[in-house]
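Worksheet: one structure, shown below.
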Amino acid sequence: MSTTPAGADSGVWLVVGLGNPGPSYAGHRHNIGYLVADELADRVGSGFRPHKSGRADVVEGRLGGTGGIGGVRVVLARPRCYMNETGGPVSTLAKFYKVPVERIVAIHDELDIPFDTMRVKIGGGDNGHNGLRSMRRSLDSGDFHRVRVGIGRPPGRQDPAAFVLSNYSSSERKVLPFQVDRAADAVESLVTEGLDKTQSRFNS
Numbered sequence: 017m018s019t020t021p022a023g024a025d026s027g028v029w030l031v032v033g034l035g036n037p038g039p040s041y042a043g044h045r046h047n048i049g050y051l052v053a054d055e056l057a058d059r060v061g062s063g064f065r066p067h068k069s070g071r072a073d074v075v076e077g078r079l080g081g082t083g084g085i086g087g088v089r090v091v092l093a094r095p096r097c098y099m100n101e102t103g104g105p106v107s108t109l110a111k112f113y114k115v116p117v118e119r120i121v122a123i124h125d126e127l128d129i130p131f132d133t134m135r136v137k138i139g140g141g142d143n144g145h146n147g148l149r150s151m152r153r154s155l156d157s158g159d160f161h162r163v164r165v166g167i168g169r170p171p172g173r174q175d176p177a178a179f180v181l182s183n184y185s186s187s188e189r190k191v192l193p194f195q196v197d198r199a200a201d202a203v204e205s206l207v208t209e210g211l212d213k214t215q216s217r218f219n220s
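Each position in the sequence shown, counted from 1, maps to that position plus 16 in my numbering.
Encoded structure:
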């Protein structure tokens, strides 16, 4: 599988923020992927619009350029379905834009990483994450990149499923914008500089 830096001729990347649609889920830990995708859309300079497939909102643009010039072509996506159905829209977009699996990036919450830290990797299992499981099934491969944004384990004996579908604490919300910004930096580094350099910088 390729982990080389993207260049001008390397083609488009598909960057997918995982989450659940609708205002009732907006502040949940499970929706960190949506928040990072929103930050990346701001950097691209465009808002999300419905894709013709009807199952995702997308932004097309470039990341990593200077003054709006250059950079790497990206399609930012937010599936318009619940987490456990994410794979279908991602597979559809990958086929539409002709993106190979090694140029797909999933941004998602990770229970086994402390809050305000992250890990970037390629491949691996789904670790119980329904969005990743759905992507693996629909793409027939798990060999996509992952930006794993830590949310930490639930306190006490709280059910992990309930924890991910709960809002960040007040103290976490103060730090959250910095975590979102850093995760967006990691995505930008990944598509412009490659996996090795990104892991060295961001795998805290």
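We put the CB at the ideal spot given by N, CA and C, even for glycine.
Per DSSP, what kind of secondary structure is V74 in: helix, strand or coil?
Here residue 74 refers to the residue found at position 58 of the sequence shown. In the structure shown, V74 sits in a strand (DSSP, three-state: E or B).
Outcome for R162 when other beta-carbon atoms lying within 10 angstroms are tallied against a minimum of 16
The residue you call residue 162 lines up with position 146 of the sequence shown. R162 comes out buried.
Using the three-state DSSP reduction, which class does G104 fall into: helix, strand or coil?
Taking the first residue of the sequence shown as position 1, residue 104 is located at position 88. G104: helix per DSSP, three-state reduction.
Counting pairs of Cβ atoms below 8 Å between the region 135-146 and the region 65-72, do you hit three or more?
Because the criterion of three Cβ pairs below 8 Å is not met, the region 135-146 and the region 65-72 do not touch.
For I138, which three-state DSSP category applies?
Residue numbering aside, residue 138 sits at position 122 when the sequence shown is read from its first letter. In the three-state DSSP reduction, I138 falls in the strand class (E or B).
Does the region 130-140 come close enough to the region 158-175 that 3 or more CB-CB pairs lie under 8 Å?
Output reads yes: the region 130-140 touches the region 158-175.
Check whether the Cβ atoms of F64 and V75 sit closer than 8 Å, and answer yes or no.
Position 48 of the sequence shown, counted from the start, is the residue given in the question as residue 64. Position 59 of the sequence shown, counted from the start, is the residue given in the question as residue 75. Result yes, Cβ atoms of F64 and V75 sit closer than 8 Å.
What does the alpha-carbon distance come out to for the pair E204 and I48?
Within the sequence shown, numbered from 1, the residue matching residue 204 stands at position 188. Within the sequence shown, numbered from 1, the residue matching residue 48 stands at position 32. Our two residues, E204 and I48, have alpha carbons roughly 16 Å apart in a direct line.
What would DSSP say about P66, mapped onto helix, strand or coil?
Position 50 of the sequence shown, counted from the first residue, corresponds to residue 66. Residue state for P66 is assigned as strand, using DSSP reduced to three classes.
If you draw a straight line from the alpha carbon of V191 to that of D132, how long is it in whole angstroms?
Sequence index remark: in the sequence shown, residue 191 carries index 175 (1-based). Sequence index remark: in the sequence shown, residue 132 carries index 116 (1-based). Spanning the two alpha carbons is a distance of roughly 8 Å.
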